[in-house]
Amino acid sequence: MTAALVHAAFQQAGEAMVVADADLKVLVANTAFAELARLEAAQLQGLCLYKLVDESCMAMDLREMLRTSDQVKTEFMFRNHLGQSAPVLLSLSGVRDADGKLSHYMMVISDLMALAASGRKTGREVYFDALTGLPNRELLGQLMNESIEHARRRGAQLALCVLDVDHFKTINDTHGQEIGDQLITQLAHRISHLVQGDDILARIGGDEFALLLQQGADEETLAWLLNSIAAPLFLKGIMLKVTVSLGVALYPQDDVEGDVLLRHATQAMHRAKQQGRNIFHVFDSRFDRELQAREEQRRRFQRAITDNELCLHYQPQVDMLDGRVIGLEALVRWQHPERGLLPPGAFLPLIEGSSLDDRLGEWVLEAALQQLEAWGQEGVNLPINVNISPSHLLSEDFVERLTLMLSRHPEVPVTRLKLEILESTALSDLPAALETMRRCQELGIDFAIDDFGTGYSSLTHMRQLPVDLIKIDQSFVRDMLDDPGDLAIVESVIFMANRFKRPMLAEGVETIEHARRLLALGCAQAQGYGIAKPMPSTDLPAWLSEWSERHDWTALAMQVMPPSGESSTSSAACRIGN
Ligand code: C2E
Ligand code: MG
Ligand code: MG
Numbered sequence: 001m002t003a004a005l006v007h008a009a010f011q012q013a014g015e016a017m018v019v020a021d022a023d024l025k026v027l028v029a030n031t032a033f034a035e036l037a038r039l040e041a042a043q044l045q046g047l048c049l050y051k052l053v054d055e056s057c058m059a060m061d062l063r064e065m066l067r068t069s070d071q072v073k074t075e076f077m078f079r080n081h082l083g084q085s086a087p088v089l090l091s092l093s094g095v096r097d098a099d100g101k102l103s104h105y106m107m108v109i110s111d112l113m114a115l116a117a118s119g120r121k122t123g124r125e126v127y128f129d130a131l132t133g134l135p136n137r138e139l140l141g142q143l144m145n146e147s148i149e150h151a152r153r154r155g156a157q158l159a160l161c162v163l164d165v166d167h168f169k170t171i172n173d174t175h176g177q178e179i180g181d182q183l184i185t186q187l188a189h190r191i192s193h194l195v196q197g198d199d200i201l202a203r204i205g206g207d208e209f210a211l212l213l214q215q216g217a218d219e220e221t222l223a224w225l226l227n228s229i230a231a232p233l234f235l236k237g238i239m240l241k242v243t244v245s246l247g248v249a250l251y252p253q254d255d256v257e258g259d260v261l262l263r264h265a266t267q268a269m270h271r272a273k274q275q276g277r278n279i280f281h282v283f284d285s286r287f288d289r290e291l292q293a294r295e296e297q298r299r300r301f302q303r304a305i306t307d308n309e310l311c312l313h314y315q316p317q318v319d320m321l322d323g324r325v326i327g328l329e330a331l332v333r334w335q336h337p338e339r340g341l342l343p344p345g346a347f348l349p350l351i352e353g354s355s356l357d358d359r360l361g362e363w364v365l366e367a368a369l370q371q372l373e374a375w376g377q378e379g380v381n382l383p384i385n386v387n388i389s390p391s392h393l394l395s396e397d398f399v400e401r402l403t404l405m406l407s408r409h410p411e412v413p414v415t416r417l418k419l420e421i422l423e424s425t426a427l428s429d430l431p432a433a434l435e436t437m438r439r440c441q442e443l444g445i446d447f448a449i450d451d452f453g454t455g456y457s458s459l460t461h462m463r464q465l466p467v468d469l470i471k472i473d474q475s476f477v478r479d480m481l482d483d484p485g486d487l488a489i490v491e492s493v494i495f496m497a498n499r500f501k502r503p504m505l506a507e508g509v510e511t512i513e514h515a516r517r518l519l520a521l522g523c524a525q526a527q528g529y530g531i532a533k534p535m536p537s538t539d540l541p542a543w544l545s546e547w548s549e550r551h552d553w554t555a556l557a558m559q560v561m562p563p564s565g566e567s568s569t570s571s572a573a574c575r576i577g578n
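Its first residue numbered 1, the sequence shown is counted upward by one per residue in full-length UniProt numbering.
Here's what the structure looks like:
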């Protein structure tokens, strides 16, 4: 074989080839390489190989790989002199002389897109989708990381879109898989014509494409994309109007690795589906961070339950007609090791509607039952009111689980446990709420409706719900002495409760003045800071003996003028005192 033949073969080879010296300086490049690089062969001479691939930030990786081996094979995004990029397979081999000294390098670059298009079975189909010839998820992953690195260095923007065909399954089921396949192929074709040379379109699932826009994308572009994709398609004489749902993750706003960016774009696509399809949704990294932080807080709260960091405080409820203590409301607290004693407002919103809501509810019920058992043994026979969250009450096996818990505390009379539910609980699923309440009542458990007056349909509820106590919301009671509007609400609730013959209790009774006024209006039961703040169970015996000495409160009924008019039918108040 002559040197001339070798040279001709080198020059005319279909693969892009370069021979470089030991310092990686180009000695000679063949025609295919010059074409790929969009440079004259002469311009290539003397260039460092690192420089050639530097555009695609391979240089550092290459340097690293060459340190440990003479042979390097890797895929990357090759960017030519005009700035266009294409996925390539790079193969770099060291050439050693007779003494074993590294004297040259031979670099071969294969254009992967061209390979796929030619349909050659080279093993490279691992990276391409057989139906459309587009890069698959695997190759997309590699190309994406390349593009991100490039964008990072250039301070450029990227937009990664995930497009999912709307109702693809229906199309497949109606017209058959062949039409389905054709549809995917045509869509691939259509989308690839909508984008720029160096944008990357990949097929990442049955009816799912990913599109990496190297220049980023604004809302106008995204809307245009959707609109252009939605133009009718003709398949075997059938006209189909196909739309996609589009999710977008933007780099660097969302500064993450390629696989995470893809996950975010997919999440956004699912949001677009939920919001009605044929629309785009941009992933909001701030929202996602908040979501993750919430997840973390929830995990922390779960530990609080298992590590026994929760406790119950108890707030007495009294009958102002005779000063009797009639019960206690159990209010949950979190004894946080770093943040101190936290009120429910600091953690309930976090778990609202999650499965933790039910777990907390069960913890509270169990703790209250244990307390009732302990008090029973000490001769304190007061009922405990437990707050039940909407989702807990409406959970499927609420009654069964409650029955089980009660059975574990046979010494506790069932009537000592009372449940407080919010007006809104009933609103969300009235028939289910009514059924659960009825079954609990069969067990002997009474209900109170909490924060009454704050819901939208208080009147309906007062009539429909089988509750044994109406708790007038503290926000109205607290300000009733100064605010005529709040006073009017308190008066109306008392009036209605009397008309419907329902016992009532006022929350937020902060002073004896409130108490006097409420008694005069016909409401005898009260709870509030004026009587006692919520306290640990250990403080209760001391409070009980102190309470019996507070004659200003216990003798309240004597000081109050008999109420007059409709709302004054003290029958309600008397009944409560019974
Ligand atoms: P709620 O059931 O209406 O409980 C009454 C709340 O009002 C308690 O707040 C109590 O400390 C406060 N309060 C009582 N008297 C007064 C007063 O005179 N003035 C003022 N300004 N406030 C008074 P807390 O303990 O912070 O509880 C807030 C809410 O958290 C409760 O409102 C209840 O809806 C919920 N909650 C408390 N414990 C539990 C629980 O174990 N499970 C569930 N699901 N919710 C609970
Ligand atoms: Mg309550
Ligand atoms: Mg309340």
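We put the CB at the ideal spot given by N, CA and C, even for glycine.
Just so you know, these numbers come straight off a predicted model, no measurement behind them.
Open item on the list: Which residue marks the beginning of the beta strand (DSSP E) containing S110, and which one marks its end?
Closed with: 102–111
Open item on the list: With distance defined between alpha-carbon atoms, name the residue in E329, S69, F301 nearest to D450.
Closed with: E329
Task: Cα-Cα separation, G46 to L27 - done: 6 Å
Open item on the list: ligand 2 and N227: does the residue's C-beta get closer than 7 Å to at least one heavy atom of that ligand?
Closed with: no
- [ ] Count the other CB atoms, across all protein chains shown, that sit within 10 Å of the CB of G353; report buried if there are 16 or more and exposed otherwise.
- [x] exposed
Task: Boundaries (first-last residue) of the beta strand (DSSP E) holding N172 - done: Per DSSP, N172 belongs to no beta strand (DSSP E); it is in the alpha helix (DSSP H), 168–175.
Open item on the list: Rounded to the nearest angstrom, what separates V242 and V126 at their Cα positions?
Closed with: 29 Å
Open item on the list: Can you tell me whether N145 sits near ligand 1, meaning its C-beta is under 7 Å from at least one heavy atom of the ligand?
Closed with: Within the chosen limit of 7 Å, ligand 1 does not reach the beta carbon of N145 with any heavy atom.
- [ ] Determine the DSSP secondary structure at V19, reduced to helix, strand or coil.
- [x] strand
Open item on the list: Are the CB atoms of Q157 and W50 within a distance shorter than 8 Å?
Closed with: A quick correction: the sequence has Tyr, not Trp, at residue 50. One thing to note: Y50 has its Cβ no nearer than 8 Å to the Cβ of Q157.
Open item on the list: Looking only at its chain, what residues have a beta carbon closer than 8 Å to the beta carbon of L406, apart from the 5 residues adjacent to it on each side?
Closed with: L369, V412, V414, L417, L443
- [ ] Out of Q214, L39, G453, V364, state which residue places its alpha-carbon closest to the alpha-carbon of A16.
- [x] L39
- [ ] Decide if M239 is buried, meaning its Cβ has at least 16 other Cβ atoms within 10 Å, or exposed.
- [x] Exposed, since its Cβ has fewer than 16 Cβ neighbours within 10 Å.
- [ ] Find out if the Cβ-Cβ distance for the pair L52, T74 is shorter than 8 Å.
- [x] Contact flag unset, no.
Task: Assigned exposure category for D173 - 16 Cβ within 10 Å defines buried - done: Flag for D173 reads exposed.
Task: Three-state class that DSSP yields for C440 in the structure shown - done: helix
- [ ] Return helix, strand or coil for N145, following the three-state DSSP convention.
- [x] helix
Open item on the list: Let me check you understand the geometry: is the CB of D473 closer than 7 Å to at least one non-hydrogen atom of ligand 3?
Closed with: yes
- [ ] Per DSSP, which residues does R203 bridge with? Please list them.
- [x] F209
Task: Length of the line joining the Cα atoms of S424 and A433 - done: Cα-Cα distance, rounded: 11 Å.
Task: Through-space distance from N136 to V18, alpha-carbon basis - done: 29 Å
Task: Own chain partners of R120 with C-beta closer than 8 Å, once the 5 adjacent residues on each side are dropped - done: Confidence at R120 is low in this model, with a pLDDT of 49, below 50, so the placement of that residue is unreliable and no value is reported for it.
Task: Cβ shell of P383 (< 6 Å), same chain only, five flanking positions each side left out - done: G327, R416, K418
Open item on the list: Which residues does DSSP list as the beta-bridge partners of N385?
Closed with: N385 is bridged to E329, K418.
Open item on the list: Below 8 Å, how does it come out for the region 196–208 and the region 166–185: are there three or more Cβ pairs, yes or no?
Closed with: yes
- [ ] Using only alpha-carbon positions, find the residue among P484, A32, F500 that is nearest to P466.
- [x] F500
- [ ] Within its chain, find whatever has a CB closer than 6 Å to the CB of L160; leave out the 5 residues flanking it on each side and keep chain order.
- [x] The beta carbon of L160 sits closer than 6 Å to the beta carbons of L212, A249, L261, A265 from its chain, once the five residues preceding and following it are set aside; these are given in chain order.
Task: Sequence-distant residues of its chain with Cβ nearer than 7 Å to D254 (five each side left out) - done: L261, H264, F283, S285
Task: Per DSSP, cross-strand counterpart(s) of C311 - done: R333
Task: Residue(s) in a DSSP beta bridge with G94 - done: Y105
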